[in-house]
Amino acid sequence: MIELQLSTHAMSRPIVIYDGHVIEFFFDDLTNGSRRVHVGHIKSIEILPVGRGKEKYQLQIKGEYMLVAIDVSEAVLPKAQEMVAAMAIRGRARPMLGRVVIVAPAARLGELRQRLFNMLKDISGEFEVEDRNASTAAEIDRWALTLTFAPVRPSPRKQ
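In terms of this note's numbering, the sequence shown opens at residue 1 and continues consecutively.
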């Protein structure tokens with residue numbers, strides 16, 4: 001979790017908290033209120049230099065229908081950049097779910113099982129699959145891959 005006060009010069013004295021999924025802003029005034037944004041709604045996030053205002057930098061978050069722009073002081077710039085980098089990584093990678101019901105003759109199921117096994121073997125060879133030797137670097141994520149190959153009841157026959 002990252003928590004920091006983005007600016008002490010701005011009247012609203014914004015505080016940001018990022019927990020890995022949601023970024024939340026708190027303001028010390030009545031007009032801004034608080035704001036929560038899930039990383040899944042973020043199209044772009046960046047810290048930009050600004051030519052005017054109380055701070056030299058601004059955090060800009062753009063979504064499909066929103067824009068958040070908040071002043072960032074030079075003192076917290078490195079920590080704010082760390083947060084932006086963490087959000088950019090998290091926001092690009094979304095969970096995926098797929099399901100396919102395969103209709104095939106029983107004689108071909110062994111061939112299909114072997115193809116699935118080979119696919120898992122290829123992935124295991126390309127990526128680290130054991131947590132005990134995995135890197136602890138901030139840019140490393142851990143994802144679960146679950147594959148089920150099991151019989152299902154046939155669809156009811158239409159008459």
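Note that the Cβ used here is the ideal one computed from N, Cα and C, for glycine as well.
Note that the structure is predicted; figures quoted are calculated from it, not measured.
When the options are compared against residue i, the one with the closest alpha-carbon
i	options	result
His21	Glu126, Val84, Asp28	Val84
Leu120	Ile102, Phe149, Pro105	Phe149
Per-residue burial, residue i [other beta carbons within 10 Å of its own, 16 or more giving buried]
i	result
Glu111	exposed
Ile70	buried
Glu55	buried
Leu59	buried
Ala144	exposed
Met87	buried
Ala10	buried
Tyr65	exposed
Val100	exposed
Contact under 9 Å by Cβ, residue i with residue j
i	j	result
Val50	Tyr57	yes
Phe26	Ile42	no
Lys79	Ile2	yes
According to DSSP, residues forming a beta bridge with residue i
i	result
Ile15	Gln5, Phe26
Gly63	Ile42
Nearest-angstrom Cβ-Cβ length linking residue i and residue j, presumed shorter than 8 Å
i	j	result
Leu116	Leu147	6 Å
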